[in-house]
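**Q** Those protein sequence lines, which keep their order, are chains A and B.
Quick note: the first sequence uses my numbering, first residue 532, plus one each step.
Quick note: the second sequence uses my numbering, first residue 1314, plus one each step.
Okay, here's the structure, questions in a sec.
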Amino acid sequence: MKKLIDLKSFSLGLWKENPVFYLMLGLCPLLAVSASLKDALGMGAAFIFVLTGANITVSIIRRWVPAHIRIPVFIIVIATFVTIVDYSMAAFLPPLHRSLGVYLPLMVVNCIILGRAEAFASKNNIVNSALDGLGMGLGFTLAILAIAVLRELPGQGTVFGIRVLGKSYTPFLIMIMPPGAFLVIGFLIALKNSMGRRKNKC
Amino acid sequence: MLNEANLGLIFLSAFLVNNILLIRFLGLCSFIGISTNLKSSVGMGAAVVFVTVMACSISWAVYRYLLLPFRLEYLRTAAFILTIASFVQFEEIIIRKKVPAMYKAFGIYLPLITTNCAILASAFLGIDYKLSFIQNLVFALGISAGYCLIIVLFASIRERIDSAPIPVNFRGVPIAFILTGLMSLALMGFKGLFKL
């Protein structure tokens, strides 16, 4: 049995069991919205909210959900939080909502979120589940920001829309277009392999 | 706008210009996971075509005749994922009883499809573009045909890659992503075909 408050559940997701680089999960939003740092940050924030909210809720209701219908129940919980984010973002941050587009509601089928609900929140207490959600969410945000830097900087010569490389720099446009995303993730995984870590597939 | 274009353009746009895998980045988990083998790629591709077309038509009807009249648009996300999940279950039972040969051919891919984000995305996109029923049908057909084409092509390439001398660190998933990037680059060539 785990301790009541175990800080490890927070720190694991940040690096050691980073959901993206360690578990290779949730690739779709990672590639699709990493062309600019602003979108990536918005996606990361939405992701942390949904993951933490879903983890807390699943942890609260875990004793009353019959085992054989737990997956549909978890999906409904996740869909609720995704809808909250979707509608609040449409109301308060319409430009960000437009650029995230269909990838925001698609968080509902993201395997990281359902995976954490199933593997962690349905077995642990509320505090630990919240910490796990925060840690995994932050881990995802760090990964998507890392990819976004590697795409936005060469692709446009900017960081968060602010020009970093001088005027004489010719943007390497391919990086902010779809092929760039695939190339960056391919090289990042190769880098991770060379650092000698084990890998798993979705 | 897409809903004013003719059916041929809608199909081409979904099939090549905005290919679901290479340009929209959806359905990647199954793409990377299954494309190691040509035979299972063909099976997965066929199953995706079948389920996307059916699921998109049903979710279109759910949205148009259930959610819109009662002003429940905000339930879209939950309603669609439930529709697709229950439809896949239902379909699996029907196919197993009525067409056992087809059930054997689809095998494990049918239940896996519930979590394929390409299908949920096609349902969302059809609604976002405000397509009519027939347009939505053609759109879903285009998207899934695009998925099918790319996964079969990619599986054929990957079978060759296995016997190529690749640096150790790039073997497996990394080289698969880099190849996908190159294919995506080729598909960018269709971008200027027409503006929608």
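Backbone N, C-alpha and C define an ideal beta-carbon position, used for all residues, glycine too.
Looking at the structure shown, is B:R1389 part of a helix, part of a strand, or coil, going by DSSP?
**A** In the second sequence, counting from the first residue as 1, residue 1389 of chain B sits at position 76. Three-state result, B:R1389: helix.
**Q** Using the three-state DSSP reduction, which class does B:S1372 fall into: helix, strand or coil?
**A** Position 59 of the second sequence, counting from 1, holds the residue named residue 1372 of chain B. B:S1372 falls in the helix class under three-state DSSP.
**Q** Please return the same chain residues whose Cβ sits closer than 6 Å to the Cβ of B:F1383, not counting the five positions on each side in sequence.
**A** As a working note, residue 1383 of chain B is residue 70 in the second sequence. Cβ within range, chain order: n/a, list empty.
**Q** Should A:G557 and A:I644 be called a contact, given that it needs their Cβ atoms to be closer than 9 Å?
**A** Along the first sequence, read from residue 1 onward, the residue named residue 557 of chain A stands at position 26. Along the first sequence, read from residue 1 onward, the residue named residue 644 of chain A stands at position 113. In contact: A:G557 and A:I644 (Cβ atoms closer than 9 Å).
**Q** Curious, which full-length beta strand (DSSP E) runs of at least 3 residues does the stretch 604-645 of chain A contain?
**A** none
**Q** Report yes or no: is there a C-beta of chain A within less than 9 Å of the C-beta of B:N1429?
**A** As a first step, residue 1429 of chain B is located in the second sequence; it is residue number 116 there, counting from the start. Answer yes: the Cβ-Cβ gap between B:N1429 and chain A drops below 9 Å somewhere.
**Q** Which one of B:T1427, B:A1414, B:K1417, B:Y1422 has the shortest CA to CA distance from B:I1397?
**A** Sequence index remark: in the second sequence, residue 1397 of chain B carries index 84 (1-based). Cα-wise, what sits closest to B:I1397 is B:T1427.
**Q** Answer yes or no: do B:F1400 and B:I1408 have a C-beta to C-beta separation smaller than 9 Å?
**A** Position 87 of the second sequence, counting from 1, holds the residue named residue 1400 of chain B. Position 95 of the second sequence, counting from 1, holds the residue named residue 1408 of chain B. No, Cβ-Cβ distance for B:F1400 and B:I1408 is not below 9 Å.
**Q** Could you name each continuous alpha helix (DSSP H) segment of 4 residues or more that falls completely within the stretch 649-694 of chain A, going from the start of the chain to the end?
**A** 657-687
**Q** Can you find the residues in the same chain that come closer than 7 Å, C-beta to C-beta, to B:C1430, ignoring five residues on each side of it along the sequence?
**A** On the second sequence, position 117 is the one that residue 1430 of chain B refers to. Counting only Cβ-Cβ distances below 7 Å, and skipping sequence neighbours, we find L1339, G1340.
**Q** Mind checking if B:C1369 is an interface residue toward chain A, Cβ cutoff 9 Å exclusive?
**A** What you label residue 1369 of chain B is simply residue 56 of the second sequence in a count that begins at 1. False, the Cβ-Cβ gap to chain A never drops below 9 Å.
**Q** Would A:S734 pass as an interface residue toward chain B - the criterion being a Cβ-Cβ separation below 9 Å?
**A** Since the first residue of chain A shown is 532 and the last is 733, residue 734 of chain A is not available in this structure.
**Q** Can you confirm whether A:L568, when its beta carbon is compared against all beta carbons of chain B, has any partner nearer than 9 Å?
**A** Numbered from 1 along the first sequence, position 37 holds the residue referred to as residue 568 of chain A. Chain B, which has no Cβ nearer than 9 Å to the Cβ of A:L568, makes this no.
**Q** For B:L1425, which option in B:K1352, B:I1371, B:Q1402, B:M1367 has the closest C-alpha, if you only look at C-alpha atoms?
**A** One-based indexing of the second sequence puts residue 1425 of chain B at position 112. Ranking the options by Cα distance to B:L1425, first place goes to B:Q1402.
**Q** Could you name the residues of the same chain whose beta carbon sits closer than 8 Å to that of A:D537, not counting the 5 residues immediately before and after it, in chain order?
**A** Stepping through the first sequence from its first residue, residue 537 of chain A is reached at position 6. Answer for A:D537: N659, L662, listed in chain order.
**Q** Can you confirm whether A:D537, when its beta carbon is compared against all beta carbons of chain B, has any partner nearer than 9 Å?
**A** Within the first sequence, numbered from 1, the residue matching residue 537 of chain A stands at position 6. Not an interface residue.
**Q** Relative to chain B, which residues along the stretch 704-717 of chain A have a C-beta separation below 8 Å, given in chain order?
**A** I705, M708, P709, P710, G711, A712, F713, L714, I716, G717
**Q** Is any beta-carbon of chain B found at less than 9 Å from that of A:D663?
**A** Along the first sequence, read from residue 1 onward, the residue named residue 663 of chain A stands at position 132. By this cut-off, A:D663 is not an interface position.
**Q** Could one say the Cβ of A:G632 lies closer than 9 Å to chain B's Cβ atoms, at least one of them?
**A** Counting from 1 along the first sequence, the entry for residue 632 of chain A is found at position 101. Yes, contact with chain B.
**Q** For B:V1412, count neighbouring Cβ atoms within 10 angstroms of its own Cβ and tell me buried if that reaches 16, exposed if not.
**A** Working through the second sequence from its first residue, we reach residue 1412 of chain B at position 99. B:V1412 comes out exposed.
**Q** Please list, in chain order, the residues of the stretch 597-616 of chain A that have any C-beta partner in chain B closer than 8 Å.
**A** P603, I606, I607, A610, T611, V613, T614
**Q** Secondary structure at B:P1413, three-state DSSP: helix, strand or coil?
**A** What you label residue 1413 of chain B is simply residue 100 of the second sequence in a count that begins at 1. DSSP places B:P1413 in helix when its eight states are reduced to three.
**Q** Taking just the CA atoms, how far does B:I1347 sit from B:S1435?
**A** Along the second sequence, one-based indexing puts residue 1435 of chain B at 122. Along the second sequence, one-based indexing puts residue 1347 of chain B at 34. Whole-angstrom Cα-Cα distance: 21 Å.
**Q** Please tell me whether A:I592 has its Cβ less than 9 Å away from any Cβ of chain B.
**A** Here the question's residue 592 of chain A lines up with position 61 in the first sequence. Interface residue (Cβ-Cβ distance to chain B less than 9 Å): A:I592 is not classified as such.
**Q** When you compare the CB of A:A576 with every CB in chain B, is at least one pair closer than 9 Å?
**A** As a position in the first sequence, residue 576 of chain A is number 45, starting the count at 1. Interface flag for A:A576 against chain B is unset, since no Cβ pair is found closer than 9 Å.
**Q** B:G1459 to B:A1468, Cα distance in whole Å?
**A** Numbered from 1 along the second sequence, position 146 holds the residue referred to as residue 1459 of chain B. Numbered from 1 along the second sequence, position 155 holds the residue referred to as residue 1468 of chain B. Each residue's alpha carbon lies about 14 Å from the other.
**Q** With 8 Å as the C-beta to C-beta threshold (strictly closer), list the residues of the stretch 1330-1341 of chain B near chain A in chain order.
**A** L1335, I1336, R1337, F1338, L1339, G1340, L1341
**Q** So, with DSSP's three-state summary, where would you put A:T701?
**A** Within the first sequence, the letter at position 170 stands for residue 701 of chain A. Judged by DSSP in its simplified three-state form, A:T701 adopts coil rather than helix or strand.
**Q** Contact criterion: CB-CB distance below 9 Å. Does A:V639 meet it with respect to chain B?
**A** Indexing the first sequence from 1 puts residue 639 of chain A at position 108. Among the CB atoms of chain B, one or more fall inside 9 Å of the CB of A:V639.
**Q** Using the beta-carbon count (16 or more within 10 Å), is A:S725 buried or exposed?
**A** Along the first sequence, one-based indexing puts residue 725 of chain A at 194. Exposed, since its Cβ has fewer than 16 Cβ neighbours within 10 Å.
**Q** Can a CB atom of chain B be found closer than 9 Å to the CB of A:A648?
**A** Residue numbering aside, residue 648 of chain A sits at position 117 when the first sequence is read from its first letter. It does not: the Cβ of A:A648 has no partner Cβ on chain B nearer than 9 Å.
**Q** To the nearest angstrom, how far is the alpha carbon of A:W595 from that of A:S653?
**A** Along the first sequence, one-based indexing puts residue 595 of chain A at 64. Along the first sequence, one-based indexing puts residue 653 of chain A at 122. If you take the alpha carbons of A:W595 and A:S653, they lie about 11 Å apart.
**Q** Is A:K732 helix, strand or coil when you go by DSSP?
**A** Start at 1 with the first residue of the first sequence, and residue 732 of chain A comes out as number 201. Residue placement at A:K732 is poorly supported in this model, since its pLDDT is 45, which falls under 50; the coordinates still yield a value, given next. Coil, per DSSP.
**Q** Just to confirm, is the Cβ distance from B:M1327 to B:I1440 under 9 Å?
**A** The residue you call residue 1327 of chain B lines up with position 14 of the second sequence. The residue you call residue 1440 of chain B lines up with position 127 of the second sequence. Note that residue 1327 of chain B is Ala in the sequence shown here, rather than Met. In this structure, B:I1440 does not lie closer than 9 Å to B:A1327 by Cβ.
**Q** Secondary structure at B:Y1442, three-state DSSP: helix, strand or coil?
**A** Stepping through the second sequence from its first residue, residue 1442 of chain B is reached at position 129. Residue state, collapsed to three classes: coil.
**Q** With distances taken from CA atoms, which of B:K1443, B:N1316, B:M1501 is nearest A:M705?
**A** As a working mapping, residue 705 of chain A is identified with position 174 in the first sequence. According to the sequence provided, residue 705 of chain A is Ile. The question's Met does not apply to it. Out of B:K1443, B:N1316, B:M1501, B:M1501 has the C-alpha closest to the C-alpha of A:I705.
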